[in-house]
Amino acid sequence: MPYRVGLLVGRERSFPEGLIEEIRRRGTDVTAAYAEIDATRIDRPPPYDVLVDRISHDVPCYQPALKLALLAGTRVVNNPFWRIADDKFIGTAIAQKLGVAVPKTVLLPSKEYGPDITSGSLRNLKYPIDWRGIVEELGLPIFMKPHWGGGWRDVHKVTSLEELLRRYDRTAKLTMIAQEAIEWTQYVRCIVIGREEVRPALWDPRHGHFDRYAKASQSMAPLSAELEERVIRDARTLCRALGYEMNTVEFAVRDGVPYAIDFMNSAPDFDITSLGEAHFRWVVEKMADLCIRLAKEGPVSPAPMRWDALLSA
Ligand SMILES: Nc1ncnc2c1ncn2[C@@H]1O[C@H](COP(=O)(O)OP(=O)(O)O)[C@@H](O)[C@H]1O
Ligand SMILES: [Mg+2]
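In the working numbering, each residue's number is its place in the sequence shown (first place is 1) plus 925.
And the structure:
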C-alpha cells in the first residue's frame, strides 16, 4: 500500500497543486491528493499517513477531525493541538524566555463580553485599566492587535493615548494585546519548513500584498551575515519550541537586533504570486521532502503531547 498524503485547503491553488505534482514527480511510494473529510466517526479517523492543514483556522469543523487523525497516528502539519493552544501573548512570553528579542507586550482585558456576563462575573478584573501606565511603559507608537489573529485583521498602529482608547473602544469581544512598535530599518520574513529548514527573505510590509517579497530589496539594505545567522537561529528556536513544521517567522530589525513580531502563521501565504518563483520552488521542494519523510517515519512514539499515555492510564 502506498503512503497517503492528504491536503486540506481553502481557495489557494498554486501551492497545493505544486506540492501534489512535486510528490508525484519524485516517483516514490508516497501519493498526495486533496483530502476528503466525511462526517467523522471516532473509530474511523481520516485514513492518511500525513495531513497538511492549510485551512482549519477558517474551517473549524476540521479541527476535531485533525486531532482524531493525530491521535490515530497521522502526522498532521501543523500539529492541531499546538496550533490551537498558542496565542500571540504566550508565544511572545515563550520567545523571551528562550532568549529571542521581542517587543514589550501587554495583554488587555476585553472591551465587551457576552450577554451573560455582568460586572459580577468580572470580579477578578482590576478596573479601570491604567492606560497611562501602559503607554508610558511601551512608549508610542503602539501596535494593538488580537492575541489570536492573522491577515492583519484588527491590527492598529496608534500614535497617542487618545487614539489607543478610541481603537480599543471598538474591539468588542476580542482579546487584544498592546505592543511596543519596533521602528525598524530592515524587516525579515523567514520561511520555515520542518522546523529546521529556514529561508530568510527581506519582506517589506509597506508595499502592497504582491510586492512585499519582490520589492523589499529596493527599500532596505541586505542582511549582514551575522544578522542572517541570528534570524535563522531564532526562527529555529521558535519553531522547535512551538512545534511548527510549516511557518513564517517575522523579525523587525532595530539597532541591529531582530525582534520577533509574528511567528505563529500556521498556514503561511505560499502563493506563487506573492512568494515569486524562487521562494515558491524552495517551499514546494522542502514541503515535499517533509511530507515524504513524515509519511515514511509513521506515527511518533511517544506521541508529542502524550495523549496516548493519558488515554491508556
Ligand atoms: N510590534 C510591532 N512592531 C512593528 N511592526 C509591527 C508590530 N506588530 C505588528 N507589526 C506590523 O503589522 C503587521 C501585522 O501584524 P501581525 O502581528 O503580523 O498580525 P497578523 O497575524 O494579523 O499578520 C506586521 O507584519 C508588521 O508589519
Ligand atoms: Mg503577520
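C-beta atoms are modelled at their ideal positions from N, C-alpha and C, and glycine is treated no differently.
Between the CA atoms of residue j and residue i - distance to the nearest angstrom
| i | j | result |
| --- | --- | --- |
| S1085 | P1005 | 38 angstroms |
| W1007 | R966 | 23 angstroms |
| Y1184 | D968 | 45 angstroms |
| A1238 | L996 | Here A1238 scores only 40 on pLDDT, less than 50, and its place in the model should not be relied on; the value that follows carries that caveat. Approximately 15 angstroms between the Cα atoms of the pair. |
| L1236 | Q988 | Here L1236 scores only 45 on pLDDT, less than 50, and its place in the model is too uncertain to base an answer on. |
| L1023 | T1173 | 18 angstroms |
| L1099 | R950 | 45 angstroms |
| I1217 | E1121 | 16 angstroms |
| R1131 | A1106 | 15 angstroms |
| E942 | L1167 | 28 angstroms |
| G1058 | Y1093 | 16 angstroms |
| I1186 | P985 | 25 angstroms |
| L993 | D1011 | 19 angstroms |
| L1090 | G1133 | 28 angstroms |
| T1110 | D1041 | 47 angstroms |
| I1015 | A960 | 32 angstroms |
| P970 | L991 | 9 angstroms |
| M1212 | V1025 | 26 angstroms |
| D1233 | V1225 | Below a pLDDT of 50, predicted positions are generally treated as unreliable, and D1233, at 49, falls in that range; the measurement from the model is reported next regardless. Approximately 11 angstroms, taken between the alpha carbons. |
| R1048 | I1009 | 28 angstroms |
| R929 | N1190 | 25 angstroms |
| W1077 | G1045 | 34 angstroms |
| R1231 | D1136 | Summary for R1231: the model assigns pLDDT 49, below 50, so the residue's position carries little reliability; its value from the coordinates is reported in the next sentence. Roughly 43 angstroms between the two C-alpha positions. |
| P1125 | P1053 | 43 angstroms |
| R1114 | E937 | 20 angstroms |
| G1181 | V1031 | 24 angstroms |
| L1065 | E1202 | 38 angstroms |
Test item: CB-CB of residue i and residue j under 8 angstroms
| i | j | result |
| --- | --- | --- |
| L1033 | M1101 | yes |
| Y1088 | R1179 | The question names Tyr, but residue 1088 is Glu in the sequence shown. Against a cut-off of 8 angstroms, the Cβ pair of R1179 and E1088 comes out as no contact. |
| P927 | D963 | no |
| A1192 | I945 | no |
| L1163 | F1195 | no |
| V1123 | R1161 | yes |
| V1027 | T1017 | yes |
| E1170 | G1223 | no |
| H982 | G1075 | yes |
| A958 | G935 | no |
| L976 | T956 | no |
| K1070 | V1060 | no |
| W1056 | K1013 | no |
| L1215 | V1002 | yes |
Anticipated Cβ contact below 8 angstroms, residue i with residue j, distance rounded
| i | j | result |
| --- | --- | --- |
| V1156 | F1176 | 5 angstroms |
| A1103 | L1063 | 6 angstroms |
| D978 | A1220 | That belief does not hold up - the Cβ atoms of D978 and A1220 are roughly 15 angstroms apart, past 8 angstroms. |
| K1051 | F1068 | Contact doesn't hold; Cβ gap of about 23 angstroms is too wide. |
| K1029 | T1096 | About 20 angstroms; that fails the 8 angstroms criterion. |
| Y1112 | S1199 | About 15 angstroms; that fails the 8 angstroms criterion. |
| E947 | E1210 | 7 angstroms |
| A1150 | L1127 | With 8 angstroms as the limit, A1150 and L1127 do not qualify as a contact, their Cβ atoms being about 15 angstroms apart. |
| I1197 | S939 | 4 angstroms |
Bridge-paired residues (DSSP) for residue i
| i | result |
| --- | --- |
| T1030 | Q1104 |
| M1069 | H1081 and A1103 |
| D1196 | None, per the DSSP bridge assignment. |
| Q1111 | V1178 |
| P1125 | C1115 |
| V977 | L932 and V1002 |
| T956 | R929 |
| D1011 | Looking at the DSSP assignment, D1011 forms no beta bridge with any residue, so it has no partner. |
| T1173 | I1116 |
| P970 | DSSP output for P970 lists no bridge partner at all. |
| P985 | P985 is not bridged to any residue. |
| A1141 | Bridge partners of A1141: none, in fact. |
| Y1184 | A1177 |
Closer than 8 angstroms to chain B by CB, residue i
| i | result |
| --- | --- |
| S1085 | Absent from the structure: chain B. Only one protein chain is present. |
**Study point:** Those residues, in chain order, that have a beta-carbon closer than 7 angstroms to some heavy atom of ligand 2
**Key:** G1075, W1077, E1175, D1187 and N1190
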